[in-house]
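The sequence shown begins at 1 in the UniProt record's numbering and counts up one residue at a time. What follows is a set of notes on a single structure, which appears directly below.
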Amino acid sequence: MAYNTKALQRPDLLENKKTRTFNMNQLGRALLETDPPVHSLFVYSCNPAVVTPENNKVRAGLKRDDLFTVVHDLFLTETAQYADIVLPAQSSFEQSDFYTSYWHHYIHLQQPVIEPYGESKSNMDVFRLLAKALDFDDESLKDSDEELMRQALNFSENPFLNGIHFDSLVKHTYLKADRTKFRLDHLNTPSGKIELYSERMLKDGFPALPTYTPLNPDSDFPFLFVPGPNHNFLNSTFSNNEKHIKLEKEAKLHLNQQDAQHLGIKDGELVRVFNARGDCELTASVGENVLPGVVVTQGLWADMPGKKQTVNALTPDRLADMGGGATFFSGRVNVEKIH
C-alpha cells in the first residue's frame with residue numbers, strides 16, 4: 001500500500017546539488033575503490049558488517065583509519081564495533097511511526113509507550129539535530145514526526161488510502177485500506193492492460209518478452225550458494241538474542257545426500273564453505289531438502305567468539321540487470337570437511 005514517499009524523502013532538495021550516490025549493495029567498493037575516497041559514513045537502521053554482500057570488502061573498508069564512522073543503533077552491533085562514535089537509538093516502544101506491510105492491507109499507528117531511555121534518540125530526532133548543526137535552513141527539515149506522518153498519508157494518488165489519515169489512525173490505531181476500488185479494467189501500464197510484450201522494457205534495454213537469461217558466470221566451484229532467511233531472525237535482527245539463537249540452535253549448511261556422500265561429509269560435521277571472496281564454517285545438515293549442486297544457509301548470524309559464520313563473506317556484490325538490486329543468490333562455493 002503506497003503512501004507519499006516523496007514527502008518523506010524530499011528528492012527535490014537535492015536538485016542542482018553536487019552530490020555523489022552509491023548503491024548500498026556495493027558498499028565495499030564504495031569504501032575501498034572510490035576516487036576521491038569516502039571519508040565519512042553515518043549508519044542507521046542497518047548492520048552492514050553482516051548484511052551486505054562481499055562482506056570482507058565492507059569490513060576492510062570500515063577498518064580504514066581515514067574513514068570517520070558514526071553508528072546510530074539500539075545495540076552494539078558488529079558495525080558499531082568499527083565506529084568512531086556510537087549514538088544510542090530508541091526502540092519502537094519510545095517513538096512514533098506508522099507501518100504498512102507487503103503481506104496485508106492494514107496500516108498501523110505506533111505511539112510511544114515508555115519515555116526515551118537515557119539520551120537515546122530516534123532517527124528523525126538525529127536528522128533534525130544534524131540539519132540544525134549544519135545550518136540547513138529549509139523549513140521542512142524542522143517538521144515533527146506528526147507533521148511528517150500527516151504529509152505521508154495525504155496522498156490522493158492512492159485511492160486505497162481514502163479515509164486513512166493521521167487523525168483517523170489516532171482514533172482507531174489501525175485501519176484497513178479500501179481495496180473495493182481495485183479495478184482490472186485499467187492497469188498502470190501504457191496500454192492499461194496486462195502486457196506480455198512490454199515496450200517499456202524494450203525502451204529500458206531489456207527483452208520485450210520474458211526470456212531465459214543464464215546466470216552470470218561466477219566461478220568453476222561446484223555449488224550454487226543460496227543464503228536464505230530463517231524463521232527466528234529478521235535479517236541480522238534477533239541474531240544476538242539468546243532465545244532466538246536457541247530456537248535456531250546453530251548456523252547450518254544444508255546439502256544434498258548425494259553431494260555429502262561424494263565429499264565424505266556426514267550430518268552434524270563441521271564444514272568449511274569457501275570461494276575467492278571469503279569463507280565460513282558451518283554445521284552440515286545432510287538430507288533431501290535441497291537439490292544436488294545447491295547448498296543453502298539460513299539466517300544472518302551474529303559474530304561469536306571462536307565461530308566463523310558470516311555467510312555474506314561469500315556473496316557477490318554484482319548488481320542485478322533490472323533495478324540494480326543485490327544478487328545474493330547467484331554466487332558459487334566449494335565445501336570441504338574440517339578435520
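Glycine included, C-beta positions come from ideal geometry on N, C-alpha and C.
Looking at C-alpha atoms only, which residue of the options is the closest neighbour of residue i?
i	options	result
F206	D321, T297, F127, G264	D321
F98	N216, L209, N4, T21	N4
Q95	L31, L74, Y106, K121	K121
V71	K266, D65, P48, E54	P48
Q298	D267, E248, N56, L215	E248
residue 390	V38, V333, F328, Y102	Nothing can be reported for residue 390: it is not among the residues displayed for the chain, which extend from 1 to 339.
D220	F328, K193, F166, R332	R332
D35	T189, L319, T21, G325	T21
P159	E146, E15, A177	A177
L215	N16, L319, K193, V43	L319
D145	N23, K266, A326, N123	N123
T106	V290, G163, L67	As written in the sequence, residue 106 is Tyr, which differs from the Thr given in the question. The residue with the shortest Cα to Cα distance from Y106 is G163.
N83	Y102, N275, V43	As written in the sequence, residue 83 is Ala, which differs from the Asn given in the question. If we check each option's Cα against that of A83, V43 comes out closest.
L67	T213, L41, I85, E54	L41
S45	S236, H244, R64, R150	S236
A2	Y102, D65, A30	Y102
Are residue i and residue j touching if we call contact CB-CB under 8 Å?
i	j	result
I338	R277	no
L282	A260	no
V50	L87	no
Y174	H104	no
N25	D317	yes
L300	F233	yes
T69	L62	yes
H165	L153	yes
V295	L253	yes
V311	L255	no
L196	L187	no
P116	Q81	no
C280	A313	yes
N16	G324	no
T315	E119	no
Hey, is residue i's beta-carbon within less than 8 Å of any beta-carbon in chain C?
i	result
D97	Chain labels in this structure do not include chain C; a single protein chain is all it has.
Which same chain residues end up closer than 6 Å to residue i when comparing Cβ atoms and leaving out the 5 residues on each side of it in sequence?
i	result
L161	F155
T79	V43, N47, P48, A49, V71
N240	A302
Shorter than 7 Å, the distance from the beta carbon of residue i to the closest heavy atom of the ligand SAM, or not?
i	result
N47	Looking for the ligand SAM in the displayed structure turns up nothing, as the structure carries no ligands at all.
In chain order, what residues of the same chain lie with their CB nearer than 7 Å to the CB of residue i, ignoring the 5 residues before and after it?
i	result
K6	none
V113	F93
F329	V226
L32	K57, A60, G61
K142	R128
Q110	S92, S96, D97, F98, Y99
L291	N256
R179	H105, F160
Measure the beta-carbon distance from residue i to residue j and round it to whole angstroms, keeping in mind my assumption that it falls under 8 Å.
i	j	result
L27	T52	5 Å
Q309	G287	That belief does not hold up - the Cβ atoms of Q309 and G287 are roughly 20 Å apart, past 8 Å.
residue 340	F225	Outside the modelled stretch of the chain, which goes from 1 to 339, sits residue 340, for which no answer is possible.
Under 8 Å Cβ to Cβ from residue i, same chain only, skipping five residues before and after it: list those, please.
i	result
T211	none
S140	R10, L13
D267	A260, A284, S285, V286, G287
K193	L187
Inset, instruction - Indicate whether the contact test is met: 3 or more Cβ pairs, each with one atom in the stretch 296 to 305 and one in the stretch 6 to 14, closer than 8 Å. - result: Proximity of the stretch 296 to 305 to the stretch 6 to 14 falls short of the contact definition, fewer than three beta-carbon pairs being nearer than 8 Å.
Inset, instruction - Please confirm if the stretch 127 to 134 is in contact with the stretch 197 to 205, defined as three or more CB-CB distances below 8 Å between the two stretches. - result: The way I'd put it, the stretch 127 to 134 doesn't touch the stretch 197 to 205; fewer than three beta-carbon pairs between them come closer than 8 Å.
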